[in-house]
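Presented below is the structure to which this report refers.
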Amino acid sequence: MSARILVVDDQPANVRMLEAKLQAEYFDVCTAFDGPSALTVATTEQPDLILLDVMMPGMDGYETCRRLKAESRTRHIPVVMVTALDQREDRISGLEAGADDFLTKPVDDVTLFARVRSLLRLKAVLDELRYRDQGGALAGIVSDPAELDSGKAEAVIITPDPKAGKRYAAAMPEGVGGRVVSDPVAAIDAVGERCDIALIDLSHANFDGLRVCARIRSMPKTRQLPLIAIINSDDVASAVRALDLGVNDVLHRPVDVQELAARLRTQLRRARYADKLRNRLDESLEMAVTDPLTGLHNRRFLSARLNHAVESANAGGAPVSVMIADIDHFKRVNDTLGHEAGDTVLKVFAERLGSDLRALDQAARYGGEEFVVMMPGAGLAEAQIAAERLRRVIGETPFQVEGIGEVPVTVSVGLAQLHAGESVESLLRRADAALYEAKTEGRNRVQAAASAAA
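The numbering used here numbers the first residue of the sequence shown as 70 and each following residue consecutively.
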């Protein structure tokens with residue numbers, strides 16, 4: 070995996086050493102020698118990851134990290150603090166400043182690159198979500214980082230040692246509840262239920278925690294679940310293997326409860342950021358296929374579904390029919406009662422249309438006062454029954470419009486069933502011709518197309 074990495078250290082020798090190691094692994098490297106320069110380079114170069122020294126004159130690494138995470142243009146960039154400081158207070162300070170990881174010199178190269186690759190994989194996922202967000206996330210989706218720390222969360226602690234599990238549960242940060250699970254099979258079930266983060270103990274020889282990690286990562290429901298592995302301090306192989314399997318963070322024994330809480334908060338913050346992006350993407354996709362006034366699907370959505378249904382029917386699948394419904398004299402409603410009343414009529418019409426359809430049917434506002442319903446599996450006779458039912462549902466009960474009262478509304482409907490080998494365009498054209506005939510014959514009626522167009 071190639072990426073651009075920013076190395077920040079006030080000692081040129083340290084910078085050159087890390088630069089050489091990273092370039093040997095085919096990473097692109099940019100450098101900075103103090104905090105202010107790091108902020109400038111990170112903003113302009115937009116690296117994929119930052120390796121940041123703590124002990125620098127003037128603006129130290131902690132303050133640099135805080136400023137990186139406070140700025141919307143650099144907040145999404147993972148920061149790994151690499152320093153000779155090895156006290157627990159230093160690690161906790163780094164994590165609380167917003168660092169994604171904290172490594173103590175001398176750093177084993179295998180461990181360093183395993184962590185780098187792990188963070189780059191996570192960033193690649195977030196970058197894809199940010200890109201699809203079409204600008205919202207790129208401009209800084211979270212105006213206040215503190216909002217990512219709010220809300221309750223549930224952690225599942227997977228360990229064969231009940232005493233250690235209770236100790237870890239007691240160390241959960243405020244707002245995070247902890248459940249201890251000792252059986253690997255039960256653990257898989259637990260994370261698939263109510264779970265926001267999992268803590269997995271890999272420090273016991275008779276407990277195959279790595280297999281549990283792999284299983285969690287293989288299931289669609291838990292593929293994005295944040296995982297923190299607990300390992301023995303000298304077990305480099307397990308740490309590297311866990312990171313390669315998709316574990317988000319590694320914590321060494323003996324576990325410091327404050328460091329555990331800090332790392333949990335970091336992972337939850339990142340997960341909430343990703344969830345926020347996914348929710349925005351879901352909302353954007355929903356808006357792209359939904360008519361904002363009526364809440365029905367729009368023309369784009371129905372066209373895609375109709376193309377698929379026609380292809381299936383032409384390949385020997387179930388029949389498909391379409392219904393084009395047009396509100397009679399709708400222009401008169403707008404001209405005499407106003408556009409607000411017209412909007413109300415469209416919304417009520419959509420509600421009645423949606424409530425009168427089968428679960429299989431797909432309804433869409435096709436434009437103006439025209440609605441199209443795709444009816445998979447329905448022949449012309451079944452479609453005609455449904456259309457007559459809709460005509461009665463619309464016409465028998467006047468629409469209630471606030472400030473005006475009852476407004477009588479009727480609908481004309483054109484129907485067509487797909488003929489063998491027929492295209493979507495031809496099917497819609499025949500249904501539209503049938504609708505035109507219903508209009509010319511006096512409106513408030515259903516007309517079925519007789520045959521395919523030549």
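Glycine included, C-beta positions come from ideal geometry on N, C-alpha and C.
Small disclaimer: the values here were computed from a predicted structure and weren't measured.
- Listed in chain order, the non-local C-beta contacts of Val-98 below 7 Å within the same chain comprise Ile-74, Val-76, Glu-88, Leu-91, Gln-92, local neighbours out to five positions each way being set aside.
- One thing to note: Ala-452 has its Cβ within 7 Å of the Cβ of Leu-484.
- Contact annotation: the stretch 423-431 does not touch the stretch 499-508, with fewer than three C-beta pairs closer than 8 Å.
- Secondary structure note for Phe-370: its alpha helix (DSSP H) is the uninterrupted segment 368-383.
- Straight across, the Cα-Cα distance linking Asp-258 with Thr-228 is about 15 Å.
- Of the other Cβ atoms in all chains shown, 16 or more fall within 10 Å of the Cβ of Thr-363; this residue is therefore buried.
- Linking Val-185 to Ser-251 through their CA atoms gives a straight-line distance of about 31 Å.
- Between Thr-291 and Ile-300, the C-beta spacing is not below 7 Å.
- In the DSSP assignment, Phe-418 falls within the unbroken alpha helix (DSSP H) covering 408-424.
- For Pro-445, the secondary structure class from DSSP, reduced to helix, strand or coil, is strand.
- Taking all protein chains in view, the Cβ of Leu-312 is crowded by 16 or more other Cβ atoms within 10 Å, so the residue is classified as buried.
- Lys-235 is the residue among Lys-235, Ser-287, Gly-261 whose C-alpha sits nearest the C-alpha of Asp-270.
- With respect to Ala-330, Pro-445 sits apart: the two C-beta atoms are not nearer than 7 Å.
- Counting the other Cβ atoms within 10 Å of the Cβ of Val-179 gives fewer than 16, which makes it exposed.
- Each residue's CA atom was taken as its position, placing Thr-479 and Asn-383 some 34 Å apart.
- Per the coordinates, the alpha-carbon of Phe-468 lies some 13 Å from the alpha-carbon of Phe-399.
- Here Leu-189 is not near Asp-122, since their CB atoms are 7 Å or more apart.
- Leu-371 has its alpha-carbon roughly 46 Å from the corresponding atom of Pro-253.
- DSSP places Thr-173 within a strand segment (E or B) once states are collapsed to three.
- Assigned with DSSP and collapsed to three states, Ser-71 falls in coil, not helix or strand.
- Judged by their CB atoms, Ser-481 and Asp-395 are nearer to each other than the 7 Å cut-off.
- The shortest CA-to-CA distance from Asn-275 to any of Asp-230, Ala-306, Leu-191 is the one to Asp-230.
- Apart from sequence neighbours up to five positions away, the residues of its chain that approach Leu-429 with a beta-carbon distance below 7 Å are Pro-445, Gly-446, ordered along the chain.
- The stretch 411-419 makes no contact with the stretch 339-351: fewer than 3 CB pairs, one atom from each, lie closer than 8 Å.
- In this structure, the CA atom of Pro-147 is about 51 Å from the CA atom of Glu-438.
- Taking a contact as a CB-CB distance under 8 Å, the pair Leu-195 and His-145 counts as one, their CB atoms being some 6 Å apart.
- DSSP assignment within the stretch 493-521 yields the following whole alpha helix (DSSP H) runs of 4 residues or more, N-terminal first: 493-509.
- Gly-244 and Ala-432 have their C-alpha atoms spaced approximately 44 Å apart.
- For His-366, the number of other beta carbons within 10 angstroms of its own is at least 16, and it is reported as buried.
- Sequence-distant partners of Leu-181 (beyond 5 residues in either direction) whose C-beta falls short of 7 Å from its own C-beta, in its chain, are Leu-172.
- The beta carbon of Arg-434 lies closer than 6 Å to those of Asp-360, Thr-363, Leu-365, Phe-440 in the same chain, with the five residues before and after it left out.
- When only Cα atoms are considered, Val-309 and Ser-287 end up about 18 Å apart.
- Every unbroken stretch of the beta strand (DSSP E) spanning 3 or more residues and falling wholly within the stretch 122-171 is given here in chain order: 148-152.
- Asp-277 counts as exposed, since fewer than 16 other beta carbons sit within 10 angstroms of its beta carbon.
- In this model, Leu-137 and Pro-81 are separated by some 22 Å (Cα to Cα).
- About 18 Å separates the beta carbon of Pro-289 from that of Asn-317, a gap too long to meet the 8 Å contact definition.
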